[in-house]
DNA sequence: ACCTGAACACCGTTCAAGT
DNA sequence: ACCTGAACACCGTTCAAGT
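Chains as they are written, first to last, in our numbering: chain A, 1 to 227; chain B, 1 to 227.
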């Protein structure tokens, strides 16, 4: 608006488009992401984006690959267990920075059947860690399924701390919650009491994630020894 | 179009709206679901839907609750392990019927922080099974996180059989796949050979899911015994 | 040859006008 | 009081007109 010269601030590039798109999704969620809005943020006419991305789905693919590139490479000198552990925790840190990403990746899988190249590379190197650790191929196959499955079906981050969000106005009052969901309430109270925490859910998500990770890795280690 | 009488085929109701919406999503995915399309399928003007659902998000909530209601109730006379196992496998069967559901539930969690009432009830009864099986509260807490976590971050159903789908035209040719993703290729080949299967991925998703489930339940049982 | 404004076919939802 | 058509503010993408 106050821009004077005829020169663009920076030449438009695929990377600049992707970076802006990721930043917008981080801010407002993936629903707030539109081609028109990305163009606006870049000070460019919407159609200019189509020189650098074929269409919106291809843009989403590019965003995913950019994120997966943020995951730390595998540790060269470490046993399989710590190498897997580090890699998984690095992926988790990335996903916490970009909470919209899993839904986008899952939607793509549902529609197009093949993961993006960066996701394939991530999976490939994860398999490589297990193989280097002495796992037979079919045990690695099992291991990948174990690490990729979500047994409850849809509870991912159900207990995650959401105190930053405004409380849901439609949520039932606590006394009704306690009557309708007695087990859930007992669990929530016990956790809050354990941690001596009054604010928040009193649930250490990071610790719980690592608990799940270690339970799984221990189980796999046991299978490896008996194999 | 050929409808003659002035009488509606059936009176519009919230249930009829939700059922039609679920059917449309099952057919064409959640992206193909629009208020206008639902109305069209019901032979009704779009605005008529708003008498039965407040807005589209509330419609999605209603759809989720309808699906979660399809999950079998917990078995009354069974030890905790088989009761959890049956419940999880029942939830999986439901999700295979409605593959769009996890993404919708996850998106809602990201935006609104509280699960829908039916999801809360599902979690509550799952917790109840563990408690009845003698699990201390904090071990149940761990258990729920283990069963809800997805360690690879985004690989849910990465290896699922998608031979019904047309092959991705953008996918690289097999020889390039083998060069770029050697570990992945080795694994895919080994699995296909093991099962003597030429068509398809040669991967029994149901068996792999149950492998992951049993590994986890065995791990939890071990913790219960030492607690 | 490149760029881009207008246009097309959608979308969820508001609102005032019709009964 | 109820119902609904038109309208509003969006959306992704096509395409022809401008340079």
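All C-beta atoms, glycine included, are put in the ideal place defined by N, C-alpha and C. No experiment lies behind these values; they were computed from the predicted model shown.
From what residue to what residue does the alpha helix (DSSP H) around residue i run?
i	result
residue 150(A)	Where residue 150(A) is concerned, there is no enclosing alpha helix (DSSP H), given that its DSSP letter is neither H nor E.
residue 109(A)	101 to 112
residue 122(B)	117 to 132
residue 81(B)	80 to 97
residue 175(B)	174 to 180
residue 69(A)	From DSSP, residue 69(A) is part of no alpha helix (DSSP H); its letter is neither H nor E.
residue 26(A)	14 to 28
Determine whether the beta carbon atoms of residue i and residue j lie at a separation below 8 Å.
i	j	result
residue 14(B)	residue 69(B)	no
residue 103(B)	residue 101(A)	no
residue 48(A)	residue 12(A)	yes
residue 272(B)	residue 123(A)	Past the boundaries of the shown model lies residue 272(B); chain B is included only from 1 to 227, so the question cannot be answered.
residue 99(A)	residue 65(A)	no
residue 137(B)	residue 215(A)	no
residue 51(B)	residue 35(B)	no
residue 219(B)	residue 218(A)	yes
residue 79(B)	residue 133(B)	yes
residue 113(B)	residue 153(A)	no
residue 60(B)	residue 16(B)	no
residue 121(A)	residue 130(A)	no
residue 147(B)	residue 151(A)	yes
residue 45(A)	residue 54(A)	no
residue 223(A)	residue 139(A)	yes
residue 81(B)	residue 29(A)	no
residue 193(A)	residue 208(B)	no
residue 74(B)	residue 83(B)	yes
residue 24(A)	residue 33(A)	yes
residue 88(A)	residue 105(A)	no
Helix, strand or coil, according to DSSP, for residue i in the structure here?
i	result
residue 190(B)	helix
residue 46(A)	helix
residue 211(B)	helix
residue 38(B)	helix
residue 142(B)	helix
residue 32(B)	helix
residue 53(B)	coil
residue 77(B)	coil
residue 204(A)	coil
residue 3(A)	Reliability of the predicted coordinates at residue 3(A) is poor, the pLDDT of 41 falling under 50, and the value obtained from them is presented with this limitation in mind. DSSP places residue 3(A) in coil when its eight states are reduced to three.
residue 197(B)	With a pLDDT of only 49 at residue 197(B), under the threshold of 50, the placement of this residue in the model should not be trusted; the figure read from the coordinates follows. In the structure shown, residue 197(B) sits in coil (DSSP, three-state: anything other than H, G, I, E or B).
Taking a cut of 8 Å between CB atoms, which residues from the segment 51 to 71 of chain A lie near chain B? The segment 51 to 71 of chain A vs chain B, Cβ under 8 Å: nothing.
Residues of the segment 138 to 154 of chain A whose Cβ lies closer than 9 Å to any Cβ of chain B, in chain order: 138, 140, 141, 142, 144, 145, 146, 147, 148, 149, 150, 151, 152, 153, 154
Residues, ordered as in the chain, of the segment 104 to 116 of chain A that lie near chain B by beta-carbon distance below 8 Å: 105, 106, 107, 109, 110, 111, 112, 113, 114, 115
For the segment 72 to 99 of chain B, which residues have a CB atom closer than 7 Å to at least one CB atom of chain A, in sequence order? Of all residues in the segment 72 to 99 of chain B, 88, 91, 92, 95, 99 have a Cβ within less than 7 Å of some Cβ in chain A.
The segment 16 to 46 of chain A: which residues have C-beta closer than 9 Å to a C-beta of chain B, in chain order? Only 29, 30, 31 from the segment 16 to 46 of chain A bring a Cβ to less than 9 Å from some Cβ of chain B.
Chain A contacts made by the segment 201 to 215 of chain B, where a contact means CB separation under 7 Å: Going along the segment 201 to 215 of chain B in chain order, one finds 208, 209, 211, 212, 213, 215 with a Cβ nearer than 7 Å to chain A.
Please list the residues of the segment 122 to 138 of chain B that have a C-beta atom closer than 8 Å to any C-beta atom in chain A, keeping them in chain order. 123, 124, 125, 126, 127, 128, 131, 137, 138
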